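Peer 1:
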Amino acid sequence: MSFKAALVQMRSGREMARNLKNASDMIRDAQSRGAQFVTTPEMTNIIEPDRDRLKAVAQSEDEDQSVRGFGLLAHSLGIWLNVGSLALKGTSDKLVNRSLLFAPDGTIAARYDKIHLFDVDLPNGEVWRESHAYETGGRVCLSRLPWATLGMTICYDVRFPELYGELGRQGADIITVPSAFTVPTGEAHWHVLLRARAIETGSFVLAAAQGGRHESGRETFGHSLAVSPWGEVIAEAGTE
């Protein structure tokens, strides 16, 4: 059974309400073009470099207005909506980087917390320590769509083939990889990693990405990709 999927590429800022509106506008546009499944990037609700401010504005899943808004949107449009990830309050003093799948009735059908956190020192001097702000996820996540079985991952997870192997063994036909890649890592590794994960699992890989220069000064790689199980890039966005 075939269906139409859409990948939303955006440039999230520091204000959650504006990010919700921008993402919602693109999701509506995708649905108007026939999309039945839509996926958005990592950190759809906010990209905030100030860790203290991020913790101050983040809310729990039950309280977060983006969660409520995306649920209502999925219901009003009658689509399956994978919100690539949101920064939400966790159960400790840290946040969670959580991907949510909304069913066409607006309910949450699945949730996945990022397992592999981005703790790296890049050659250009950039330093990232996601583990200072985020809890580590603890389980793989699959969910049944009307057309296929969906496996959910987030960004840096893509570097760990054992996670994808487990999703493949459990029957994933499609794997989402919402991302916010840096430009240096994107230029070097983005295409080859996503194609490799598709080939080794025999799954379609849908990677919606953040792209462009954010108001914080951060620059993300863009190039949202849809990859076939053969490793063929069947759709690709640009840098913005």
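Count the sequence shown with this note's numbering and you get residues 3 to 242, in order. Ideal Cβ positions, reconstructed from N, Cα and C, are used throughout, including at glycine. The structure displayed is predicted, hence computed values, not measured ones.
Work out the CA separation of Ser78 and Val160 for me, nearest whole Å.
Peer 2: Translated into positions along the sequence shown, residue 160 becomes position 158. Translated into positions along the sequence shown, residue 78 becomes position 76. Between Val160 and Ser78, the C-alpha separation is close to 32 Å.
Peer 1: Lys57 to Pro43, Cα distance in whole Å?
Peer 2: As a working note, residue 57 is residue 55 in the sequence shown. As a working note, residue 43 is residue 41 in the sequence shown. Looking at the two C-alpha atoms, the distance is approximately 20 Å.
Peer 1: According to DSSP, is Met28 part of a helix, a strand, or is it coil?
Peer 2: By 1-based counting over the sequence shown, the position of residue 28 is 26. Met28 falls in the helix class under three-state DSSP.
Peer 1: Please state whether DSSP places Gly213 in a helix, a strand or coil.
Peer 2: As a position in the sequence shown, residue 213 is number 211, starting the count at 1. In the structure shown, Gly213 sits in a strand (DSSP, three-state: E or B).
Peer 1: Whose CA, out of Pro180, Glu234 and Gly204, lies closest to the CA of Gly224?
Peer 2: Numbered from its first residue, the sequence shown carries residue 224 at position 222. Of Pro180, Glu234 and Gly204, the residue nearest in Cα terms is Pro180.
Peer 1: Quick check: Thr178 and Leu147, are their CB atoms within less than 7 Å of each other?
Peer 2: The count along the sequence shown starts at 1 and reaches residue 178 at position 176. The count along the sequence shown starts at 1 and reaches residue 147 at position 145. Result no, Cβ atoms of Thr178 and Leu147 do not sit closer than 7 Å.
Peer 1: So if DSSP puts Lys91 in a beta bridge, which residue, or which two residues, is it bridged to?
Peer 2: The sequence position of residue 91 within the sequence shown is 89, counting from 1. For Lys91, which the question treats as bridged, DSSP gives the partners Leu97.
Peer 1: Alpha carbon to alpha carbon, how far is Leu97 from Gly219? Give it in angstroms, no decimals.
Peer 2: Your numbering for residue 219 matches position 217 in the sequence shown. Your numbering for residue 97 matches position 95 in the sequence shown. Taking the straight line joining both Cα atoms gives about 22 Å.
Peer 1: Would you please verify whether the beta carbon of Lys91 is less than 7 Å from any beta carbon of chain B?
Peer 2: Here chain B cannot be found, since the structure has a single protein chain.
Peer 1: Around the C-beta of Ile176, are 16 or more other C-beta atoms found within 10 angstroms, so that it is buried, or is it exposed?
Peer 2: Start at 1 with the first residue of the sequence shown, and residue 176 comes out as number 174. Buried.
Peer 1: Below 8 Å on the Cβ atoms is my contact criterion, and I expect Val69 with Leu102 to pass it. Report the Cβ-Cβ distance as a whole number of Å.
Peer 2: Stepping through the sequence shown from its first residue, residue 69 is reached at position 67. Stepping through the sequence shown from its first residue, residue 102 is reached at position 100. That belief holds up - the Cβ atoms of Val69 and Leu102 are roughly 7 Å apart, short of 8 Å.
Peer 1: For Thr155, is the classification buried or exposed, using 16 other Cβ atoms within 10 angstroms of its Cβ as the cut-off for buried?
Peer 2: Residue mapping note: residue 155 aligns to position 153 of the sequence shown, counting from 1. When all chains shown are included, Thr155 counts as buried.
Peer 1: Using the C-alpha atoms, what's the distance from Ser226 back to Ala239?
Peer 2: On the sequence shown, residue 239 is found 237 positions in, with the first residue counted as 1. On the sequence shown, residue 226 is found 224 positions in, with the first residue counted as 1. Approximately 5 Å, taken between the alpha carbons.
Peer 1: Provide the residue(s) that pair with Thr41 in DSSP beta bridges, ordered along the chain.
Peer 2: The residue labelled residue 41 in the question sits at position 39 within the sequence shown. The partner list for Thr41 (beta bridge, DSSP) reads Leu9 and Asn84.
Peer 1: If you draw a straight line from the alpha carbon of Phe243 to that of Thr93, how long is it in whole angstroms?
Peer 2: Nothing can be reported for residue 243: it is not among the residues displayed for the chain, which extend from 3 to 242.
Peer 1: Apart from the five residues on each side of it in sequence, which residues of its chain come closer than 6 Å, Cβ to Cβ, to Lys116?
Peer 2: Mapped onto the sequence shown, residue 116 falls at position 114. Within the same chain, Lys116 has close Cβ partners Asn99, Gly139 and Ile156.
Peer 1: Could you check what DSSP says for Phe72 in three-state terms: helix, strand or coil?
Peer 2: One-based indexing of the sequence shown puts residue 72 at position 70. Looking at Phe72 - three-state DSSP - the assignment turns out to be helix.
Peer 1: Locate the beta strand (DSSP E) running through Ala237, then write down its first and last residues.
Peer 2: Taking the first residue of the sequence shown as 1, we reach residue 237 at position 235. Per DSSP, Ala237 belongs to the beta strand (DSSP E) from Val235 to Glu238.
Peer 1: When the Cβ atoms of the segment 197-217 are set against those of the segment 9-27, are three or more pairs found closer than 8 Å?
Peer 2: The segment 197-217 is in contact with the segment 9-27.
Peer 1: Ends of the beta strand (DSSP E) at Thr151?
Peer 2: Working through the sequence shown from its first residue, we reach residue 151 at position 149. Here the beta strand (DSSP E) through Thr151 covers Thr151 to Met154.
Peer 1: Taking DSSP as the reference, what is the three-state secondary structure of Val207?
Peer 2: Within the sequence shown, the letter at position 205 stands for residue 207. Of the three classes helix, strand and coil, the one that applies to Val207 here is strand, per DSSP.
Peer 1: Pull the bridge partners of Ser145 from the DSSP assignment, please.
Peer 2: Within the sequence shown, residue 145 is the residue found at index 143, counting from 1. Answer by DSSP bridge pairing, in chain order: Leu152.
Peer 1: Given that a residue counts as buried once 16 or more other Cβ atoms are within 10 Å of its Cβ, and exposed if not, what is Gln33?
Peer 2: Position 31 of the sequence shown, counting from 1, holds the residue named residue 33. Buried is the call here.
Peer 1: Among the candidates Phe162, Val229 and Ala19, whose CA atom is the shortest distance from the CA of Thr46?
Peer 2: Counting from one through the sequence shown, the residue named residue 46 turns up at place 44. Among Phe162, Val229 and Ala19, the Cα nearest to that of Thr46 belongs to Ala19.
Peer 1: How is Ser181 classed by DSSP in three states: helix, strand or coil?
Peer 2: For the purposes of this step, residue 181 is taken as residue 179 along the sequence shown, with counting starting at 1. The answer is strand: DSSP assigns Ser181 an E or B state.
Peer 1: Could you tell me the boundaries of the alpha helix (DSSP H) in which Arg53 lies?
Peer 2: For the purposes of this step, residue 53 is taken as residue 51 along the sequence shown, with counting starting at 1. Start and end: Arg53 to Val59.
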